[in-house]
Amino acid sequence: MVADAMYSAKDVVGSLMAIVGMTVSEQALDREHPYGHGKIEFVLSLFVSVIFFIIAAYLLVHAIFVLMDPSLHRAPHLIALWASLLVVIVNVIMYFYSRCVAIETNSPLVRTLAKHHHGDAASSGVVALGIIGAHFFNMPWIDTVVAAFETVHLMYMGGHVFWDSTKGLMDRSVGTETRSRIEQLATSVDGVKDILLLRTRHVGQNIHAELAVGVASDLMVAQAHKISEMVKEIIVHNIPRIGSIQVSTGVSGHDVHEQDSIRANWEKTQDNPETETKD
Numbered sequence: 001m002v003a004d005a006m007y008s009a010k011d012v013v014g015s016l017m018a019i020v021g022m023t024v025s026e027q028a029l030d031r032e033h034p035y036g037h038g039k040i041e042f043v044l045s046l047f048v049s050v051i052f053f054i055i056a057a058y059l060l061v062h063a064i065f066v067l068m069d070p071s072l073h074r075a076p077h078l079i080a081l082w083a084s085l086l087v088v089i090v091n092v093i094m095y096f097y098s099r100c101v102a103i104e105t106n107s108p109l110v111r112t113l114a115k116h117h118h119g120d121a122a123s124s125g126v127v128a129l130g131i132i133g134a135h136f137f138n139m140p141w142i143d144t145v146v147a148a149f150e151t152v153h154l155m156y157m158g159g160h161v162f163w164d165s166t167k168g169l170m171d172r173s174v175g176t177e178t179r180s181r182i183e184q185l186a187t188s189v190d191g192v193k194d195i196l197l198l199r200t201r202h203v204g205q206n207i208h209a210e211l212a213v214g215v216a217s218d219l220m221v222a223q224a225h226k227i228s229e230m231v232k233e234i235i236v237h238n239i240p241r242i243g244s245i246q247v248s249t250g251v252s253g254h255d256v257h258e259q260d261s262i263r264a265n266w267e268k269t270q271d272n273p274e275t276e277t278k279d
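In full-length UniProt numbering, the protein residues as written are 1 to 279.
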């Protein structure tokens, strides 16, 4: 039950961190932060995961020592059973609410909280089973066993959040589906022949992208610029949570290949000039 309480305490701290993180990440761009403040959410998630990974490790060691000493095996009070069942109900409600908010805001911190609420509901249910076993089946040691499994689960969740936060700080790209959608929207613009470059990364709740599209080699600079603005507009309007996007233009790969072929044929004729016709 203590392990489950620590698990719930983690969510309280995580919720406070989410409030701070979302407040900071929503601040406007400035000279020192031209890409925004979104990475604060990854930093705070990393901090929370490390703290509770350490706490979970301590609780696991403590549970092992208690299991090794039968004199410490005691069944929890029955009030703990009702508390566990109440926690299950509350966390199920909080999970669905946090999940909706995470989908709406695309916030890494809120997404983490939703996962933890889901884990809380499951773990509290297991704790309730442990209390029932200790009281009604004369197994006072079962609560400590449940606590050990609970701390292992907590360490796993902490490690998962740590890894996700690390990937966010290392500029992880968006998923394949979003990348394909961006490419599809870009190539739907009249004048775009192909995609030369696409780089994306998560910055907190938002997505930042760098895109280079291929256009015909005979276009004027003004025409190419107009195409890039059209590409930017259609992506911003159709891809949610685009923080910033830079669109540039270059000669289409198809045109480059065609020009290379013409150049190669010309060089071949220079190496093997045709015989001049006689008068």
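Virtual Cβ for every residue (Gly too), placed ideally from N, Cα, C. Please read all numbers here as calculations on a predicted model, not as lab measurements.
| Check | Outcome |
| --- | --- |
| Hey, out of 80, 131, 108 and 15, whose CA is closest to residue 206's CA? | 108 |
| Count Cβ pairs between the segment 177-187 and the segment 95-108 that sit closer than 8 Å; are there 3 or more? | no |
| Counting pairs of beta carbons, one from the segment 151-169 and one from the segment 45-60, are three or more of them closer than 8 Å? | yes |
| Cα separation between residue 88 and residue 38? | 32 Å |
| Between residue 104 and residue 111, what straight-line distance do the alpha-carbon atoms span, to the nearest angstrom? | 10 Å |
| Less than 8 Å between the CB atoms is what I'm expecting for residue 197 and residue 183, so what's the real figure, rounded? | 11 Å between Cβ atoms; not a contact. |
| For residue 19, count neighbouring Cβ atoms within 10 angstroms of its own Cβ and tell me buried if that reaches 16, exposed if not. | exposed |
| Only counting the same chain, and skipping five residues up and downstream in sequence, which positions put a Cβ closer than 6 Å to that of residue 130? | 142, 143 and 146 |
| Report yes if the C-beta distance between residue 122 and residue 95 is below 7 Å; otherwise report no. | no |
| By the 10 Å Cβ neighbour count, where 16 or more other Cβ atoms means buried, how is residue 64 classified, buried or exposed? | exposed |
| Does the distance from the C-beta atom of residue 202 to that of residue 243 stay below 7 Å? | no |
| If you draw a straight line from the C-alpha of residue 43 to the C-alpha of residue 212, how long is it? | 30 Å |
| CB residue 84 to CB residue 56, shorter than 7 Å? | no |
| Out of 236, 237, 247 and 217, point me to the one whose CA is closest to residue 226's CA. | 247 |
| If I follow the unbroken alpha helix (DSSP H) through residue 229, where does it start and stop? | 221-238 |
| For residue 174, which option in 241, 252 and 193 has the closest C-alpha, if you only look at C-alpha atoms? | 241 |
| Of all Cβ atoms in chain D, is any one closer than 7 Å to the Cβ of residue 242? | The chain inventory of the structure shown lacks chain D, comprising one protein chain alone. |
| Look at the alpha carbon of residue 17 and the alpha carbon of residue 26, and state the distance between them as a whole number of angstroms. | 14 Å |
| Is it right to say residue 177 is buried, meaning 16 or more other beta carbons lie within 10 angstroms of its own, or is it exposed? | exposed |
| Under the assumption that residue 46 contacts residue 149 (Cβ atoms under 8 Å), give the Cβ distance between them as a whole number of angstroms. | The Cβ separation is near 25 Å, so there is no contact. |
| For residue 125, which residues in the same chain have their Cβ closer than 7 Å to its Cβ, ignoring the five residues on either side in sequence? | 88 |
| Can you tell me whether residue 116 is buried or exposed? The criterion is at least 16 other CB atoms within 10 Å of its CB, across all chains shown. | buried |
| Of the residues 140, 167 and 40, which one's Cα is nearest the Cα of residue 69? | 140 |
| Assuming contact is defined by CB atoms lying nearer than 7 Å, are residue 228 and residue 249 in contact in what I supplied? | yes |
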